[in-house]
Amino acid sequence: MIEEGEHPIKKINERKERLSSVITKAISPQIELDYDITVASVDEYLEDGVLLLSLMSDGAYDYWQSRPRFSDSTMSTPSAFINSLRKRIEIKGPKDDYSCMNVKIHMK
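Using full-length UniProt numbering, you'd call the opening residue of the sequence shown number 1 and step up by one each time.
Next comes the structure, spelled out in structure tokens:
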């Protein structure tokens with residue numbers, strides 16, 4: 001990512017202490033993780049036998065929650081959803097790192 005210019009060295013050096021702390025906490029067996037477990041029936045989320053799942057970092061979610069809508073065709077196509085969200089983030093300028101994964105599963 002550095003070689004491709006996505007994250008300039010200067011920006012990384014400015015955030016080195018924070019990044020080091022986050023990475024250390026993420027891989028340390030000594031740190032107790034704080035997470036939520038939610039149990040729900042898949043049937044609650046099925047629409048016409050299709051399950052759409054989105055997993056995104058807080059950097060991506062900030063932009064999604066500020067205006068959580070795209071056209072129906074964009075919402076139903078994972079690659080279109082990801083590209084539209086990425087464009088929204090890049091046009092406004094990212095506030096944080098952003099990652100998003102969108103999956104469409106046809107259930108039988």
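Note that beta-carbon positions come from the ideal geometry of N, C-alpha and C, so glycine has one too.
Source: prediction; values computed, not measured.
Determine, using beta carbons only, whether residue i and residue j come nearer to each other than 8 Å.
| i | j | result |
| --- | --- | --- |
| L33 | W64 | no |
| G59 | D96 | yes |
| P68 | V103 | no |
| S99 | S66 | no |
| L46 | M107 | yes |
Alpha carbons only, please: which of the options is nearest the one belonging to residue i?
| i | options | result |
| --- | --- | --- |
| I105 | S76, Y61 and G93 | S76 |
| P94 | D72, D62 and T74 | D62 |
| I82 | Q30, S28, M101 and G49 | M101 |
Based on DSSP bridge pairs, tell me the residues matched to residue i.
| i | result |
| --- | --- |
| I105 | L51 |
What whole-angstrom Cβ distance do residue i and residue j have, given they're in contact under 8 Å?
| i | j | result |
| --- | --- | --- |
| L51 | V42 | 6 Å |
Whole beta strand (DSSP E) elements within the segment 37-72, 3-residue minimum:
Whole beta strand (DSSP E) segments, 3+ residues: 50-56.
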